[in-house]
Structure formats: structure tokens, C-alpha cells
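Chains A and B, in that order, are what the protein sequence lines are. If you're matching positions, the first sequence starts at 1 in the working numbering and goes up one per residue. If you're matching positions, the second sequence starts at 1 in the working numbering and goes up one per residue. For each residue, glycine too, the CB sits at the ideal point set by N, CA and C. Structure first, commentary second.
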Amino acid sequence: MKTDVLIIGGGPAGLSAAIETASRGLDVTIVDETSKLGGQLNQQTQEMRPLPSVYEPMRGFELANKLIEQIKDFNVRPLLKHRVVGFYADGSAGITDEENVFPIKAKKIIVASGAAEKAVAFPKWTMPGIMTIGAAQTLINRDFVLPGREAVIVGSSDFAMETAMQLMAVGTRVKAIIEKQSEASAKEQEKVSELLRNGIPFYFNSFIKEARGNGQVEQIDIEMPDEVITLNVDLICMDGGRMPILDVFYQLGCSFGFQEELGGWVPQYSNTFQTDREDVFIAGNAAGISTQGALLLTGMIAGISVSEELQTISPAEANEMREALWKELGLLEYKEVYSGRVKHLENFTSPVLKDQFIS
Amino acid sequence: METNYETIVIGGGVVGSGIAYHLSERYKEGVLVLDKKYPMSGTSGSTQAWVWVHNKTPSWYAEFSMYSAELYPYLSKKIGDVEYKRTGGLSPFFNESDREKAQKLAESYRKIGIKIKVLSREEVLEKEPYMNPEVAGATYSSIDGNVNPFRLIDMYMRAAKRNGVRYSAYNKVTEIKKQDGTYLVVSDKGAFKCKNLILAGGTWSREIGDMIGVKIPVNQLRGQILVSEPLKPFLNFTISGLRQANNGEVLMGYSMEEAGFNRATTLDVIQETANMAVRYVPGLRKAKIVRAFSGIRAMPEDGFPILGKVPGHESLYVAATHSGVTLSPLIGTLITELITEGETSIPIERYSLSRFG
């Protein structure tokens, strides 16, 4: 199979890249391992903000549907329940439908593989009833399954705060937020205030010492600064942060740089979101963990750059659009993340450190 | 860290560590092993690790390999369990027309004392019941086997260190100078002096030789290997192309490509390898593949080991070879003899670097 643009990952970044490329007449193929485009947006019931100026504020799953709606008018071939499993010597991607493997030869590849949640380990952390916040959110919003009745949340990021509220909305009692630092890590403090207003205690400088239970979690010990308390819970949602999914970039032989603010090891890329392989572009959380609005912008920039390379827009036009989108990214993205991104770009285009690349 | 040594070995892979260990048994003067990364991070850690004799040609090379394989049980006694298993080796063929070739191979090996049997279809299936029933036959040799390469090199290193050998890892050699009868080896972590210098740089031999003006014609050859999920033990032999490891994983692959130092895996070779494996053992069709990896093998230009003194350079030795796992106990023994006694118990002139002119 041949295509102009192969997009790996059909989440928000992949879809916005698809819109940018397909709307300019390119033939686009999206590969996604799940059964529905939209990625993690599908289980986000909270309002997504801020979004790029071309989008009205809306809730996550609505945004997914909107993006899916937009690609329908164009020449986009979604391959759902398909995975990229490697690359052939001639550069073709090997795609599997879990039965056969077939090659797709693309002129350009945009990798928007997203991010994976990290777990927080403590004794007996593998017991049923203990899961990441993303898993809990998927159960509530996508599968309509109540993951537990009495919960604690480990971690206090924005994502954790939203999940706590969503759990409460479906009737789960959130007994505590446990945070090992001395304050909540959520950037939007109003979410923290809202939980406090609802009477949810925050245990700072604390962590789970041990979980106990017969066949599933029933009780936990929380180590606090001066005491250990015991709570009865049947659900622990843990938030260990997220990290970019890099497998495909390793297989493509891309170079990497370490950037704490972007989630650790991240493929290197320039301001066109081109990696060190000239046929490979990057977008979304894979290019650095960020918020939904920013992810859309990175997908748009990558899509515009690919359109430019395939000569469906002029370099001048592309530059102008990219500049505007970068400006918007600077406004929309958390400051630390944006400055980490800028540093990451500089490290690539004008390396200061020797031997910083792994590959 | 001490900067003066009697002997420095450049390269801590299976060949370099094998030499360092064997030297340390005989010889209490200082030995230092320098490794660009860490032993096992390169070729030695990305191999099926067969200890393989049969169907190496010509027969004198097979004989050389046999002597090394014979040393393995003794080596295990000295340095510890390296999971060496003399399983016997099977090389199946699927066309009756290959039988004659196999007979000829067996014939030529008989003269040098390596016993190879040419098995009938029934005999193969009796030995290896999961082999494809379409098999026509196989050559079989009882001396072949395999080893756990990680344990092997780790045990070499431990034993060598116990005997006083120093290792310096993540320490790339950048320059070699000869001055007043000694070698000065400049590395990322400092300069070291030695009397004897042994070049065991494997795939990097050419680059290391260049530092001292010696042409060591070793090229890189990529091999890709597939690893299955752990399966119940069902393969008894080391089969040319695949083997089952102690933990139940089946290692498959016998590919060779020229790809320089690029350690990527490619789906073309992965699919060919999977087809080969399924042709040999159809049951593998149901197995899950958990990963694929590639290793860069060292391949001397004519395919045979390069061993011994470097002509025209006093106290400079080279050991660069394909099949390092099979040959390491013998190479370690011979280079030790060469350094301590000036001659070897079995002739190695054939393997001299001088053959390349």
C-alpha cells in the first residue's frame, strides 16, 4: 500500500495533523491500535481549555467527535485496530491487523504515539482495585463501570484532580488525596480549592506504606509526617505522571534528548516538528507531555510542515502559519513546558552538550 | 587507578575477557581490560551463543572449533556454571538431493576425527519430535551445544578480577603510541602503559588497528534474532537456526546482512526468520514473539579467525574472529601460551594476520 502521509496514532495530535495534510489534497493513512479515533479524548468528560482559537471550548469527547467529523470530508484512510510493528529495509512501515503484516510506503511519516501513564509502586501495589487515574477514568466514562466505592488518589496533578471530581460525580467517595510533596502539584489551583470545598482531605508529605486485602485491596496504611493512619478503601488511583511513548522512534533510529519538563527522554525535533530523520515528523505528547490545546497545535504544525515538504503549500505560507501557531503555543502552554520545549529545540539545532544523544 | 600494566587487552567481550581470564590463571603481572562500553553491550550480548562445530568448512577450521568446544566442560568447572549444554547439533535439510552433500561433509570430517551422522527423516523426528515432518534428513554432531553468553562473560570477568585483572569500562581507546619498547594507550579516562598489547576489539578491530598503523581486515555483519515467549521445554537440540534457552524462550535467527554498525531490526529479515523458524518447527506458528534484536558480528575478510602476533610489531597481539563464543576458551588458552611461552600448543600460523599481505 502507498500513501502520501502515514500518521501513527489517531489521537488529538494525529487527527489535527491529518486535517492539515488531508485538507490540502494529500492522501493520508492513520494507524491506530484502538477501535475508535480520538485517543484519550474519548474518556475526557471535563471541558478542554484552553483550546486553539479555531476551536470553541468543548468537552473532551466532543472534541474527539469534532475532529473525526472534520476528516470525513477528506481523503483519510483510518486503519483502526492496526499496529505498527516495525519497518522494512526500504523504509516501509510494517502494519499488522493482528493476523497479517503488510507494508505501507509513505512519503512522510508523522508519529503521534502519545504518552503512557507511569505507576507509583508501594508494597502490594499490584492488587486488584489499584490502578492509574487514566484507567479509572476510562472505566467511568467509556465503559460505564464503577471502579470502586471508597477511593484514595495518590498524586495531585491537574489530571488527578479532574479524575477525583469525576469519581465523586459517579458516586465514589474520595476519602483522601495523598501527595508526597508539601503542596498540590496541580497548576490550576481552583481544582484543588473545589475538592477542599467538598471536604476532601489532602495528606501532604505522605505516601502509601502498604496495601492489604483478600483478593483485592481493602485497607491501606498511609505514612504521614507524624503518624501512620489506616483507611478502608476498595480503589486506589495513582498518578505517577506520564511519559512519551518512544518505541516507534527507536525503530526509526531517531535521536533523543532528555528534557525533564517534557517528560524525560523525547525524540529531538526542530521548530517544524521534523525529527533528525527528514521523512519523520512528530506531534502530540510524544513530542513532550502537554495539555490538549497544545497537543492540537503541535499536530497542526507538523501537518503544515509535511504539507510544505510535499509541496502543497509554499514555504512562505508555511512559515507564516507555523509562526502564528508557535506564538499561540507559547500563550497556551504551561510556561515550564514551553520553555523546556524551546530548550529541547535549541539542544537539537545547536547542540551544547557532547554525547547527549541516545539512539 | 594504576597506569602501568604488563598487559592491556583492548575489548572486554567474549574474546577479550576470555584472554584476560586465561592470562590471569598463569600470570600475576598486571592485566588491564579496556572496554568502549561495557562487556556484553555489543556483539557478545546479542547472540544465540551456539558452541558450534559441525558444518564449519574447511575441515581444519572445524577441527579448531572442536578443540575449543572440548574445553567448555573444563571451563565451567573452573569459572562456574555458564549454562553450557552439549545438546548436540542438528542441521536439517528438506531436499533429498542435499543428502549427498551432507554425506561428503561427514566424510571429510571423519578424517579429522569429528563424527557427523547423516540422519534419515525418521531419525530426525525421533530426536526432535516437533521438527517439520517434511524434513528429509539432517546432519548431526554430538559435540555441538550452546551456552548462556551473559553468564559466560560475567564468569570470565569475575574469575579474572579475582585473579587481579582490572577492568575499565565505558572507556574508549582514542590513541595508541609506541615509545621506548612500551605501548601507551590513551583512553577517555587517562593514559596507560603496557608491555604487551592485545587487540580484541571485535567489530571495531579495523578502527583500533588503524590507531597503530596495522590493517586488521574485519567487517561488520548484522544478524537479527527473534525471541519467543517462554514455552515448555520442547526442543532438545541446538538446531542450526534456532535453539531453546533454559528459561523456555526460543531464539531464532541466522541472518547476515551488511549494515555497518546499525543495530536496527527490519521487518523483511524478521519475516524471513519467522518463516524459517516455522518451516523447521511448525508449532512455533502459535508462539508469541516478544521481541527482536540485532547484533553486529565481527567478520574477518576471509571468514577465518585472525590470531597471534602482529607481524613487525613486538609484543602486539591480535584476536579478532567470528564465532567468538565457540572459540573463546581456545583463543584465551592459545594467546596465553603465546605470551607466556612464546609458542602455542597447536599451530596457529594459518590464522596469522600476515595472510592478508
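How far does the beta strand (DSSP E) with M243 (chain A) in it reach, from first residue to last?
R242 to P244 is the span of the beta strand (DSSP E), which, as asked, contains M243 (chain A).
Nearest to S108 (chain B) (by Cα), restricted to the options B:Y61, B:V173, B:Y254 and B:V135:
B:Y61
Cβ atoms of G114 (chain A) and N285 (chain A): under 9 Å apart, would you say?
yes
Closer than 7 Å, Cβ to any Cβ of chain B: which residues of the region 88–100 of chain A, in chain order?
For the region 88–100 of chain A, which is checked against every Cβ of chain B, the residues closer than 7 Å are Y88, A89 and G94.
Using Cβ-Cβ distances below 8 Å, what residues of the region 235–253 of chain A are close to chain B?
Listed by position, the residues of the region 235–253 of chain A near chain B (Cβ gap below 8 Å) are Q251 and G253.
Residues of its chain near F192 (chain B), where Cβ-Cβ distance is below 7 Å and the 5 sequence neighbours each way are ignored
Taken in chain order, the residues that qualify are T3, Y5, I8, L32 and V185.
Secondary structure at Y167 (chain B), three-state DSSP: helix, strand or coil?
DSSP places Y167 (chain B) in strand when its eight states are reduced to three.
Beta-carbon proximity check, M328 (chain B) vs G12 (chain B), cutoff 9 Å
Per the sequence shown, the amino acid found at residue 328 (chain B) is Ser instead of Met. Not in contact: S328 (chain B) and G12 (chain B) (Cβ atoms no closer than 9 Å).
Shortest alpha-carbon distance to R110 (chain B) belongs to which of B:L125, B:E123 and B:S141?
Checking every option, the nearest Cα to that of R110 (chain B) belongs to B:S141.
Please classify R222 (chain B) as buried or exposed, where buried requires at least 16 neighbouring CB atoms within 10 angstroms.
With 16 or more other Cβ atoms inside 10 Å of its own Cβ, R222 (chain B) counts as buried.
Can you pull the chain B residues whose beta carbon is under 8 Å from the beta carbon of F86 (chain A), in chain order?
Note that residue 86 (chain A) is Gly in the sequence shown here, rather than Phe. Those within 8 Å of G86 (chain A) in chain B are T265, T266, L267, I270 and A292.
Anticipated Cβ contact below 8 Å, S228 (chain B) with A287 (chain B), distance rounded:
4 Å
DSSP state of M48 (chain A), grouped into three classes?
In the structure shown, M48 (chain A) sits in a strand (DSSP, three-state: E or B).
A160 (chain B) versus H22 (chain B) - alpha carbon distance:
C-alpha separation (whole angstroms): 8 Å.
Terminal residues of the continuous beta strand (DSSP E) containing S339 (chain A)?
Taken as a continuous stretch (DSSP letters only), S339 (chain A) belongs to no beta strand (DSSP E), being part of the alpha helix (DSSP H) at K335 to T349.
Pick helix, strand or coil for I239 (chain B), following the three-state DSSP scheme.
strand
Close-in-space but distant-in-sequence residues of the same chain around S23 (chain A) (CB under 7 Å, 5 per side omitted)
F74
Taking Cβ positions only, does P267 (chain A) come closer than 9 Å to chain C?
Protein chains in the displayed structure are A and B, and chain C is not among them.
Closer than 6 Å by C-beta to G324 (chain B): which residues in its own chain qualify, once you throw out the five before and the five after it? Chain order, please.
V14 and V15
Under 9 Å, Cβ to Cβ, is there at least one residue of chain A near N262 (chain B)?
yes
Are the beta-carbon atoms belonging to P147 (chain A) and C237 (chain A) less than 9 Å from one another?
yes
Would you call M48 (chain A) buried or exposed, if buried means 16 or more other Cβ atoms sit within 10 Å of its Cβ?
buried
Assign R350 (chain B) to one of two classes, buried (16 or more other C-beta atoms within 10 Å of its C-beta) or exposed (fewer than that).
exposed
Between the alpha carbons of I133 (chain A) and I140 (chain A), how many angstroms are there, rounded?
11 Å
Quick check on DSSP: helix, strand or coil for W326 (chain A)?
The answer is helix: DSSP assigns W326 (chain A) an H, G or I state.
Is it right to say F348 (chain A) is buried, meaning 16 or more other beta carbons lie within 10 angstroms of its own, or is it exposed?
buried
Presumed contact (8 Å Cβ cut-off) between A136 (chain A) and T163 (chain A), rounded CB distance:
6 Å
DSSP beta-bridge partners for C237 (chain A)?
A:M131 and A:I153
For A18 (chain A) and T272 (chain A), what's the separation of their Cα atoms in angstroms?
16 Å
Between G29 (chain A) and E70 (chain B), what straight-line distance do the alpha-carbon atoms span, to the nearest angstrom?
The sequence as given places Thr at residue 29 (chain A); Gly does not occur at that position. Roughly 57 Å between the two C-alpha positions.
Roughly how many whole angstroms lie between the Cα atoms of F207 (chain A) and V85 (chain A)?
Between the C-alpha atoms of F207 (chain A) and V85 (chain A) there is a straight-line separation of about 38 Å.
Got a sec? Which residues, its chain only, sit under 8 Å from T203 (chain B) by beta carbon, not counting five neighbours each side?
G42, T43, V218, Q220, F261, I296, R297 and A298
So, with DSSP's three-state summary, where would you put G12 (chain B)?
For G12 (chain B), the three-state secondary structure derived from DSSP is coil.
For Y156 (chain B), which of helix, strand or coil comes out of DSSP?
helix
Where G330 (chain A) and Y338 (chain A) are concerned, what is the direct C-alpha to C-alpha distance, given to the nearest angstrom?
6 Å
Using C-beta distances below 7 Å, list every residue in its chain close to T312 (chain A), excluding the 5 sequence neighbours before and after it, in chain order.
R24, G25 and L26
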